[in-house]
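The structure under discussion appears below in the form of structure tokens.
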């Protein structure tokens, strides 16, 4: 490379960039095209679902996706055929309890791992980490037998308690807590605060983004939980939304319009929730990737 | 020295209080079960008290490896993971497209993440309806294309019979031509069937999901100077990608691959339970679904635990292998 | 508000809300006793006949609300759920193998004392269904129905071919001769209808008719490879490939597709694809819909002995349910006239209690005057035998093995002798597997055979 003066160099870079800029302008058009096509591909199934939910049963099998007559009463019909409201309640109720228990106990445990010193601390944490790689089925079989023996089968407790204790929450919050400077802790401790005060007054407020992320992930994870409620629940009044949808589809499967209406009611809250909490979710995923 | 150990012990009391709720649950519902599962896998327990409990040693494992079905389900599990490279590459491409400063990035990102975020039983039920061979829109669209683009006539002309839209979830055929009863390939089994349906659906669900977000983050972390330097060196787009983008994304890619393997090996359960019941003829039964039927429909707890541990070991091994292979590359 | 106070408040509020919701959840749980009625659950399959039976019970017993629970059917599920304390009060049992499992699991309730207390006698019940609810001499429930299969025949096809209606009590030679006159192919060589349609169950009465058995009398070995069994199965195979009066599976499929009829022997028979068919009285539940069908019933043909295939279903009581005493009221109901009359009227096979299958109400149901053959259904019950079971092998496994081999015989992929030998070999292997799993059984087996069981 021949010697250049700084000004010549800047000019050279600028010229190259402008040339690239022109190329990029052309590229942008193509880029938008691809993005739009992909976006449509993502949207189409959802659109079909919404449109089908308003159709009359006789029209569902027509090729034309748009209904000729609109039947919003399909949505009411769903509530008449199955206790859909009850399923909603169960899903939210169970997920709320699980989230509450999970965040509280995980935060406390994370504090113990991040801030306290005790013999065996790192070994136990490695144990926590290790279980993250164990496939769910391995633990679900013994959990089920335990629930059978304790007569917790087909109860709310059986749905809530085993799901409230995974190592994930502890892991996530410990990572968060490690990023909080110790200085604040020390300041409070010097002032005579107990660990419990430090936990609530110093660490937790600063770990709030992590806690919010955990709340969202735990709630979403449990709301859509399928395997555990499927094997645990026998009675109709205890079914959560996914299980309710499954049985609705197997007994009313031919009535696609009703099934789609139920699916819309299932998915819509998720969409709204996602749009509101996007920021946290995106951050959370990107954080979860930064492992020790 | 003394101060540290006293400090450690002092903390112990507090630590116990903080840890107790979580670790009790952890031991009872996570760590304990892992051990319990291993121990039970050496027994014939069936939870129904109809057969006396016996320790049977490795019998469950031996029986498993001698059952041809087990290997077929293993193949099914692997089949669903075939689209992994496509999915990951797709996520990367989408991320690269979105990482430029163009209008509507957030809208696109939301849209692309939607299938991943809303995934669950409702979405599977939707796809089951979409894939319906007689009435579903997928085949309606394919039929329309075949007819209007005269592809049907062309096929008729070339081979003597027309093309039918695939039967999707009701067909045991697949793109690799794997037979149903035996682990063999054959032309008669070629086609587009249930396994492919689930695979394509998986790509749709995953391509704009978490992987794309991870790549977005990774891309935003690449320093602009590297790009500038490459452009100054006269590199074209492909060379920039190969020498700047790809190496910088290596840790992200590595992470994604490891996670995809772990998830893929355990997967296929919801799809099988909701859409196909494991069929047709067991072609969509993955290892996870197989464990489910053995454990929770037939309650062969001992045998099912053995299968789940084998799955665990497979996942563990492949993760280790990935670490060894990938870790080196990342270090470079 | 400071951040920490905010967090504590949020948690506290969340806890209060959750407790409140828990109270709501508890309050809206369905109760066992609602409006003075006790809810009882019966796990069985869902069909209109069952619902009618339940409605009748609820009418006669207004203090109960018996409900059908079709979603949790399956022997293993019922056992595990009962052991976990959430089982139904009543559940169905389809075979002696299932009954054995239920008893061993401790889930079936021994109601023999209650039978005595209410004057219910086992002799009142058709013996053919005994194995479904009687274990080692004790009763664990009550049959819902009882059946013995016979020959349905299509009167129109007989008339068209100038064949007089069969009068029963006929040997296989006589039967084959008649059936040959009733098998017709069209000009292209494609089958129009056959003389005899199979329901896949004739193998068992046939081996018994020729003096064969499925198991040795003590149940320690499978006896399917005996010469009598081979002779019987060969005759079964000959029906298709030598005498050509019974369709092979391919021909069945062709007939099903050709007429646009669905598959299944009842549908084929109802569609006029067979002049005669081996079936039960419960076929009427479906055949009554075919308005133009003129039906007759006659005995199944017999060999040196007269044995027909019998079966039934029983309802058992959950020993672990706190409401098992009340559930027994349903068992009593199954022993009484209203229920038995309903079963006969619905043609859900025959009523379980013998005396209700005599008398005009059964023989000539005013609502179905064309059904003048009920006496035959009664008469054949005497010769009905259920498929043997052995305590040393899981009946379902054995049935699976038999089904696979019989399919091979029906498609002519195997000779009868080979298939019988393979059945015996495989079932014997299953027996040995079972002996491995249960030391008590092994001791019993060794005592009975005087041999050491190979490991």
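Residue numbers (our numbering), protein chains in the order written: chain A, 4 to 295; chain B, 3 to 334; chain C, 1070 to 1524.
Virtual Cβ for every residue (Gly too), placed ideally from N, Cα, C.
Being a predicted model, the structure only gives us computed values, none of them experimental.
Less than 8 Å between the CB atoms is what I'm expecting for residue 203 of chain B and residue 129 of chain B, so what's the real figure, rounded? Confirmed, Cβ separation roughly 5 Å.
May I ask you to report which of helix, strand or coil DSSP gives residue 90 of chain A? Residue state for residue 90 of chain A is assigned as helix, using DSSP reduced to three classes.
Taking only runs of the beta strand (DSSP E) that begin and end inside the stretch 1202-1283 of chain C, which ones reach a length of at least 3 residues, in chain order? Within the stretch 1202-1283 of chain C, the complete beta strand (DSSP E) runs of at least 3 residues are 1210-1217, 1219-1223, 1260-1266.
Sub-8 Å separation of residue 266 of chain B and residue 118 of chain B beta-carbons: Contact flag unset, no.
Below 8 Å between beta carbons is the criterion; list the residues of the stretch 186-204 of chain A that meet it against any residue of chain C, in chain order. When C-beta distances to chain C are compared with 8 Å, the residues of the stretch 186-204 of chain A below that value are 203, 204, in chain order.
For a contact meaning CB atoms closer than 9 Å, what does residue 1288 of chain C contact in chain B? The premise fails here: residue 1288 of chain C is roughly 18 Å from chain B at the closest Cβ pair, so nothing lies under 9 Å.
Within 8 Å of any Cβ in chain B, is that where the Cβ of residue 1477 of chain C sits? For residue 1477 of chain C, the answer is no, since every Cβ of chain B falls outside 8 Å of its Cβ.
What first and last residue would you give for the beta strand (DSSP E) that runs through residue 1345 of chain C? 1343-1348 is the span of the beta strand (DSSP E), which, as asked, contains residue 1345 of chain C.
C-alpha distance - residue 1130 of chain C paired with residue 1104 of chain C, whole-angstrom precision: Straight-line Cα distance between these residues: approximately 14 Å.
Taking 8 Å as the CB-CB cut-off, is residue 1203 of chain C touching chain B? Taking Cβ atoms only, chain B never reaches closer than 8 Å to residue 1203 of chain C, which makes this a no.
Straight-line gap, residue 1464 of chain C to residue 39 of chain B (C-alpha atoms, nearest Å): Here the alpha carbon of residue 1464 of chain C sits roughly 29 Å from the alpha carbon of residue 39 of chain B.
Are there three or more Cβ pairs, one per stretch, closer than 8 Å when the stretch 1380-1387 of chain C is compared with the stretch 1203-1211 of chain C? Contact holds: three or more Cβ-Cβ distances are below 8 Å.
CB contact check: residue 4 of chain B to chain A, cutoff 8 Å: Residue placement at residue 4 of chain B is poorly supported in this model, since its pLDDT is 49, which falls under 50; the coordinates still yield a value, given next. Taking CB atoms only, residue 4 of chain B has no neighbour in chain A less than 8 Å away.
N- and C-terminal bounds of the beta strand (DSSP E) containing residue 1111 of chain C: Per DSSP, residue 1111 of chain C belongs to the beta strand (DSSP E) from 1106-1112.
Quick check on residue 176 of chain A: does DSSP put it in helix, strand or coil? Here DSSP, grouped into helix, strand and coil, assigns residue 176 of chain A to helix.
What would DSSP say about residue 164 of chain A, mapped onto helix, strand or coil? Under the three-state reduction of DSSP output, residue 164 of chain A falls in the coil class, being neither helix nor strand.
Take residue 1193 of chain C and list the residues in its own chain whose beta-carbon comes closer than 8 Å to its own, dropping the five residues that flank it on each side. Answer for residue 1193 of chain C: 1404, 1422, 1423, 1424, listed in chain order.
Exposed or buried, residue 315 of chain B, counting other C-beta atoms within 10 Å across all chains shown (16 or more means buried)? So residue 315 of chain B ends up on the exposed side.
Is residue 292 of chain B buried or exposed, if buried means 16 or more other CB atoms sit within 10 Å of its CB? Classification for residue 292 of chain B: buried.
Cβ-Cβ separation, residue 144 of chain A to residue 310 of chain B (assumed contact under 8 Å), whole Å: The pair is a contact, with the Cβ atoms about 6 Å apart (cut-off 8 Å).
Three CB pairs or more closer than 8 Å across the stretch 1477-1494 of chain C and the stretch 1442-1450 of chain C: The stretch 1477-1494 of chain C vs the stretch 1442-1450 of chain C: no contact.
Residue 196 of chain A to residue 189 of chain A, Cα distance in whole Å? C-alpha separation (whole angstroms): 9 Å.
Mind reading off the beta-carbon distance from residue 1343 of chain C to residue 1265 of chain C? Whole number of angstroms is fine, and I expect it under 8 Å. Indeed, because the Cβ distance is near 7 Å, the residues count as touching under 8 Å.
Using three-state DSSP, classify residue 281 of chain B as helix, strand or coil. Three-state DSSP puts residue 281 of chain B in coil, outside helix and strand.
Can you look up residue 253 of chain A in the DSSP assignment and give me helix, strand or coil? Three-state DSSP puts residue 253 of chain A in a helix.
Using a beta-carbon distance below 8 Å, is residue 244 of chain A in contact with chain C? Cβ-Cβ to chain C under 8 Å: no for residue 244 of chain A.
Can you pull the chain B neighbours of residue 1152 of chain C, defined as C-beta to C-beta under 8 Å? Residues of chain B passing the Cβ test: 49, 50, 51.
Enumerated in chain order, which unbroken segments of the alpha helix (DSSP H) with a length of 4 residues or greater are wholly contained in the stretch 1140-1165 of chain C? Within the stretch 1140-1165 of chain C, the runs of alpha helix (DSSP H) that reach at least 4 residues and sit entirely inside it are, in chain order, 1144-1152.
May I ask you to verify whether the stretch 118-126 of chain A touches the stretch 259-276 of chain A, counting CB pairs closer than 8 Å and requiring at least 3? As far as the Cβ criterion goes, the stretch 118-126 of chain A does not touch the stretch 259-276 of chain A, which means the pair count is below three.
Let me know if residue 165 of chain A comes out buried or exposed under the rule of 16 or more other beta-carbons within 10 Å of its beta-carbon. The residue in question, residue 165 of chain A, is buried, as its Cβ has 16 or more Cβ neighbours within 10 Å.
For residue 257 of chain A and chain C, any beta-carbon pair shorter than 8 Å? Cβ-Cβ to chain C under 8 Å: no for residue 257 of chain A.
Pick from C:1241, C:1498, C:1411 that is closest to residue 1125 of chain C, judged by C-alpha positions: Comparing Cα-Cα distances from residue 1125 of chain C to each of C:1241, C:1498, C:1411, the minimum goes to C:1411.
Residue 51 of chain A and residue 289 of chain B: beta carbons closer than 8 Å? With respect to the 8 Å criterion, residue 51 of chain A and residue 289 of chain B are not classified as neighbours on the basis of their beta carbons.
Residue 1360 of chain C, buried or exposed, once every other Cβ within 10 Å from all chains shown has been counted against 16: Answer is exposed; the Cβ neighbour count stays below 16.
Leaving out the 5 sequence neighbours to the left and right, which residues in its chain are closer than 6 Å to residue 109 of chain A when beta-carbon positions are compared? Only 172, 173, 176 meet the Cβ criterion.
Near-chain A residues of the stretch 300-321 of chain B (beta-carbon distance less than 8 Å), N- to C-terminal order: The residues in question are 303, 306, 307, 310, 311, 313, 314, 317, 318, 321.
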